[in-house]
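First comes the structure, then the notes that go with it.
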Amino acid sequence: MMNKKIFSVLLIACLLFVAACGNNEKNSAENSSDARLNVVTSFYPIYYLTQQIGGDQVKVTNLIATGVEPHDWSPKSKDLLTASAADLLLYHGVGLETWIDSFVNGLEKDSKVVIKEVSGGIDIIDTTAAEEEHDHAHEGEAATEEHDHAHEGEAATEEHDHAHEEEAATEEHDHAHEEEAATEEHDHAHEGEAATEEHDHAHEGEAATEEHDHAHEEEAATEEHDHGHSHDHSHGLDPHTWVSPKSALILASNIKDSLVEVDPENSAVYEQNYETLREKLAALDERYEQELANVSLRTIVVSHQSFGYVARDYNLKQISIMGLSPSAEPRAQDIKNIADLVKEEGVRVIFFEELVSDKLAKMLASEAKVDTNVIHSLEGLTTKEEQDGQDYLTLMERNLQNLVEALQ
């Protein structure tokens, strides 16, 4: 009996020892995992580049989920908690993350997270000049039309005056003996004309005032709409830098520098991983240079104005159906103008993006009688792309292939 009790005690002790060892191993693993640098990124391209450079030394969390268009995303309270607990928060800048200022202000007060913008050093495209040139062209058309109407008015006035002269001459010839009465009547008639003219000018002034007021109302409505959507992208600055390998090289360098600054102990690892990535991006850049230099067409038509850096860096011309934000709606006249331009320049393909509706691209393609194809903005992956193992480099290669096919 005593032996059984001793055996039971020893068995329980052994089980407790094994359980304790298991817990220690689990805690050790958790501590090892916690020892990695905790980095939070704002959207996919930065997430991918950080993963490649950080390697096993970094735990990377992306704020925007797979399949979500960054322009449609806004942070939640859980995102603030995630970022507050991080060692490093990396965001792109140039107005892409319209929420970043309020997000940073909402972080936990005791948070020690280091915040870095990674687009520094890239030559940012300002679309304002092109938009102003387009607006001035329309103003010029309006001014010409107004000038022509003014000349029509002068001609009508002159014709009206000649009619009065002929009428007066006839009256003088037929009724010479009633000259004084006719003169008096003629004067009164002109007084009436003057009064009418003054009345008309008053109405012109009212119309001009009303038109001016409507213009201000439209400006106010536009401004309110823009503020409501918060997609102004820093007033005309194009934030879509990462679609060009040349910009991606700069982003990668800035990310590497940020990791080294926050975690200098692992700087050698980051430098080595960065060099491997840099070679891949440089090779991709060289392929873009060589293959796009030999195409016969130079114009790409895209649904969303997010390929300006590809166009600039590889000598292409971008025409977009929508503006910098994919939520911007073009006018019917804009669609017609682009369709005419597509025919004029011999464009054969209208490009649309994975995370943006293809409705307008297909409408334009139908009107211009051309094909459609996908060009990836790389702002995020679809669920299928993630499941298929697609990433930034493979999708950039696919973009190049689709561009060459459309332009050759």
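Counting with mature numbering (1 follows the signal peptide of the UniProt record, and there is no 0), you get residues -20 to -1, 1 to 388 for the letters of the sequence shown. Cβ coordinates follow ideal geometry from the N, Cα and C atoms, glycine included.
In this structure, DSSP gives E359 a state outside helix and strand, which the three-state scheme calls coil.
Inside the region 285 to 368, DSSP marks whole beta strand (DSSP E) runs of 3 or more residues at positions 297 to 300, 329 to 332, 351 to 354, from first to last along the chain.
Separation of I26 and T41 (C-alpha to C-alpha, rounded to the nearest whole angstrom) is 11 Å.
Residues L261 of the same chain have their beta carbon placed closer than 6 Å to that of L229, with the five preceding and five following residues left out of the count. With contacts defined as CB atoms closer than 8 Å, F287 and I355 qualify as a contacting pair. If you draw a straight line from the Cα of K39 to the Cα of E49, it is about 23 Å long. For Y71, DSSP records a beta bridge to E97.
For the pair P219 and M376, the CB atoms are not nearer than the 8 Å cut-off. Per DSSP, L43 is not a residue of any beta strand (DSSP E), being assigned neither H nor E.
With fewer than 16 other beta carbons inside 10 angstroms of its own, A312 counts as exposed. Looking from the CA of N253, the closest CA among L340, Q31, Q370 belongs to Q31.
Using a Cβ-Cβ distance cut-off of 8 Å, the region 364 to 372 and the region 52 to 63 are not in contact, since fewer than three pairs of beta carbons, one from each stretch, lie closer than that value. Here Q270 is exposed. Its C-beta has fewer than 16 other C-beta atoms within 10 Å. Out of L380, G34, G35, T21, the CA that lies nearest to the CA of P55 is found in T21. Contact check for V290 and V223: beta-carbon distance about 5 Å, within the 8 Å limit, so the pair qualifies. The Cβ atoms of S238 and L43 do not sit closer than 8 Å to each other.
When the beta-carbon positions are compared, L231 and L29 come within less than 8 Å of each other. A Cβ-Cβ separation of about 5 Å places D67 in contact with N18 under the 8 Å criterion. In the DSSP annotation of this structure, the continuous segment of the beta strand (DSSP E) that includes L17 starts and ends at 17 to 21. The continuous stretches of beta strand (DSSP E) do not include I80, which lies in the alpha helix (DSSP H) extending over residues 80 to 85. According to the DSSP secondary-structure assignment, T279 is paired through a beta bridge with K297. Residue state for L76 is assigned as coil, using DSSP reduced to three classes.
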